[in-house]
Amino acid sequence: MDTSVHENFHALGLSEVLLADLTKAGYTSPTPIQTQAIPPAIAGRDVIGCAQTGTGKTAAFVIPIIERLAVLPKGQPQALILAPTRELALQILATIEKLGQGRRISATAIMGGADMQAQVRGLRQRPDIIVATPGRLLDHMWNGTINLAPIKILVLDEADRMLDMGFAPQINQILDALPEERQTLLFSATLPADLTRLVQASVNNPVRVMVTPSATTADGVTQALHHTTHDGKADLLVSLLGQEQDTVLVFTRTKHRADKLGRVLGREGHKVAVLHGDRSLSQRRAALDGFKRGSFRVLVATDIAARGIDVANIGHVINFDLPNSPEDYVHRIGRTARMKTTGRATSFVTSEDSLQLRAIEQLLGHAVPLAPGSASPTFDSRGPQRSARPAQGRPTGQRDRRYAGHGAPRAAQPVQRTPGN
Ligand code: AMP
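Here is the structure:
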C-alpha cells in the first residue's frame, strides 16, 4: 500500500481536536498499521489487523474509536476492548486517556488482580470505553455489574495471545453476550489456524490489514553472535550472566525449554522468572511484575508470551534459541534499548542454525558481528551451504546434563513461582 498519500494524520480525515491530541502526544505521522486500519475503522468496517506490539497498533484502534464515539450520545459504555493481560489493558487505557482528552472520551479498566469494588465504581461513572481482560469481565457479567447491551464497537487485541493463554471459552461467552449488530476490530500478531474460528465468530466482511515488523532495529542495540553447540548453551548463558549486572530477557523456542532453563538458572543462584503460555495468569503477572520491579534479574520467555512486554531498562536480550522467523528476531531485540536507551542483543547460534541466521541477516541487511570472546564459528554461517560435518569440539552423544535435566534434584524448584489462580 502506498503510504505516501497518508504522510500525516490530516490525510486520514481526523478531527482537529484529535489531531491536537496526537500532536501533543508527539505523533506526527501515522505508522503503517495506522494508515491502513484507521480509514476503514472510522468508516465502520470490521478490521482484522495483523500487527505486533511496537507497530503503533494500539492507536490504530483507539483513534477510530475516539472519533466514532465522539459523535454518539454519551451515558453508556459503547466500546469494549479485550486484552490478554493487565499490563496491556493499562497501556491501552493510557493511550485512550492521552488521545481522547480533547474529545472528552472516558474509559475504565476491568482486570484481574485489582479491586472489584473500585471497578464497579468505575463502571458506575458510565465511561465511554471499557478496557478489560476476559476473566474479570466475565466476573462482572456474572455479578450483574456490567451490561454489554449498549456496546457498539468490540476490539480483540492480541487475539492470538488471548487464545494462547486459554481465554477462548471466556471470549466465546463474551461474544454471546454482545449485540450482534456491532463493529469488531481484531488485532493479532499472528493468524494461526486456531484463530480462524474466533475470526468467523467475531467479524463480518472484514478489511484485512497487515504489517510486518520493521527490519530496522533500534539504533541503541548492539547485536552480537555467540557460536556454540546445543549442549553448550546453558554454560554459555551462565557464564555471560556472571560477567554482567544487567537485567536480562532470555528467549527460548519452547515452553518446555523455558521451564528447564529457568530451573538451571535458579540452581545457579540467579533470581529468575519464567513466562510462557502454560503458566497461569497470576504466575505470569508475578513474573512480569517481579521482573519490572527488579526482584527477578532474569526473565526466561517464549515469543508469544513475551510479545507485549514493555519493560523499560532491559539491558540485554539473549536469544538462547534463534526464533523461527526473522521478524521475531527484530521483535525480540526490540525489547531492549526501548525509550532510546542502549542495550545489547546476543544470539546463541549452533551449526543447525545457519539457515535461520542467514534469513535474519538478510532481513537486517547486514551481518551480525561475533561477540567479543566468542569462539570462531564451527561452520560457515554465511556461506551458501551448511557444513555437513559435526561442529568441532561438540561432545557427540553427550547432552548438557544440567540443561537436559539429567541428575537434577527433582525436589529442587528454585525458580520462584506464585500460587496458581
Ligand atoms: P504499540 O504498538 O501500540 O504498543 O505502540 C508502540 C509505541 O509507539 C507506543 O509507545 C506509542 O505511544 C508509540 N506510537 C504509536 N503510534 C505512533 C505514531 N504515529 N507516532 C509516534 N509514536 C507512536
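Residue 246 in my numbering sits at position 261 of the sequence shown; the count goes up by one each step and never skips.
Cβ atoms here follow ideal geometry from the backbone N, Cα and C, with glycine treated the same way.
Quiz item: Under the criterion of a Cβ to heavy atom distance below 8 Å, does T38 qualify as lining the ligand ZN?
Solution: Judged by which ligands are present, the ligand ZN is missing from the structure shown, whose ligands are the ligand AMP.
Quiz prompt | Local conformation of H255 per DSSP, three classes | solution = coil
Quiz item: Just curious, the alpha helix (DSSP H) that S339 is in, first and last residue?
Solution: 339 to 349
Quiz item: Given that a residue counts as buried once 16 or more other Cβ atoms are within 10 Å of its Cβ, and exposed if not, what is T327?
Solution: exposed
Practice problem: Would you check if there are 3 or more beta carbon pairs closer than 8 Å linking the region 182 to 195 to the region 305 to 312? | Solution: no
Self-check item: Beta-carbon gap between L65 and I114 smaller than 9 Å
Solution: yes
Quiz prompt | K42 Cβ short of 8 Å to the ligand AMP heavy atom set | solution = yes
Quiz item: What span of residues does the beta strand (DSSP E) with H261 cover, start to end?
Solution: Where H261 is concerned, there is no enclosing beta strand (DSSP E), given that its DSSP letter is neither H nor E.
Quiz prompt | Separation of M96 from G275, as counted between CA atoms | solution = 18 Å
Self-check item: Neighbourhood of T80 by C-beta distance below 7 Å, restricted to the same chain and skipping five residues each side
Solution: T43, A44, V47
Quiz prompt | Span of the alpha helix (DSSP H), counted from its first residue to its last, around G227 | solution = 218 to 227
Quiz item: Just reading off the beta strand (DSSP E) that R329 is part of, what are its end residues?
Solution: 328 to 334
Self-check item: Proximity of T213 and L226 at Cβ, strictly below 9 Å
Solution: no
Practice problem: Report the residue ranges of all alpha helix (DSSP H) runs contained in full by the region 113 to 162; include only those spanning at least 4 residues, in chain order. | Solution: 119 to 128, 144 to 149, 153 to 162
Quiz item: Can you give the Cα-Cα distance for D410 and P119, rounded to whole angstroms?
Solution: Lying before the first or after the last residue shown, residue 410 is absent from the chain, which here runs from -14 to 406.
Exercise. Kindly indicate which residue of A174, L3, D145 has the alpha-carbon position closest to the one of T38.
Key: A174
Quiz item: Start and end of the beta strand (DSSP E) containing L57?
Solution: L57 -> no beta strand (DSSP E), and no H or E assigned at all.
Quiz item: If you measure from the CB of Q19, is any heavy atom of the ligand AMP nearer than 8 Å?
Solution: yes
Quiz item: How many whole angstroms separate the CB atoms of A271 and L284, which I take to be in contact at a CB cut-off of 8 Å?
Solution: Not really, about 11 Å apart at Cβ, beyond 8 Å.
Quiz item: If you drop the 5 nearest sequence neighbours on each side, which residues of the same chain put their C-beta closer than 8 Å to that of R88?
Solution: S0, V2, L3, D6, I51, E52, L54, A55
Quiz item: In angstroms, rounded to a whole number, what distance separates the CA positions of S280 and G300?
Solution: 15 Å
Exercise. Report buried or exposed for G251, applying the criterion of at least 16 other Cβ atoms within 10 angstroms of its Cβ.
Key: buried
Self-check item: CB contact flag (F305, L260, <9 Å)
Solution: no
Practice problem: Can you tell me which of L183, Q21, Q86, Q63 puts its alpha carbon nearest to the alpha carbon of A10? | Solution: Q86
Quiz item: Terminal residues of the continuous beta strand (DSSP E) containing G34?
Solution: 32 to 35
Quiz item: Using 9 Å as the limit for Cβ to Cβ distance, is T213 near chain D?
Solution: Here there is only one protein chain, and chain D is not present.
Self-check item: Boundaries (first-last residue) of the beta strand (DSSP E) holding Q168
Solution: 168 to 173
Practice problem: Report yes if the C-beta of Q86 is less than 8 Å from at least one heavy atom of the ligand AMP; otherwise report no. | Solution: no
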